[in-house]
Amino acid sequence: MLFNYAKDMAGSFPDVDYFVFGHRHMPVTTKINDKATLIILGDWISHFSYGVFQNGKFRLERFGG
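Residue numbering for the sequence shown follows our numbering, starting at 31 and increasing by one per position.
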C-alpha cells in the first residue's frame, strides 16, 4: 500500500529521492524507480531501527549493530 502510494507520488514529484515513513514497525528499504527509494523506519522496540541522512544519502541503522 505505501509502496503504491510512494510510486504514484514519485511520478508527480520526480525530483524527490526518498519517501520516508514511520509507524509501520517493519524496517524496509526498496527502490521505487531509478531515482526514488521508499524507506520505512521500523521501530525501536523490536527491530531497534532508525534512519540516518548523511552526505545526501539515507540509510537504515540498528541500535547495537
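Note that beta-carbon positions come from the ideal geometry of N, C-alpha and C, so glycine has one too. Every value quoted in this text rests on a predicted model; they were computed, and no experiment measured them.
Simplified DSSP assignment, three categories, for residue 37: helix
Local conformation of residue 76 per DSSP, three classes: coil
Reduced DSSP category for residue 90 - H, G, I as helix; E, B as strand; rest coil: strand
Helix, strand or coil at residue 68 according to DSSP, with G and I counted as helix: strand
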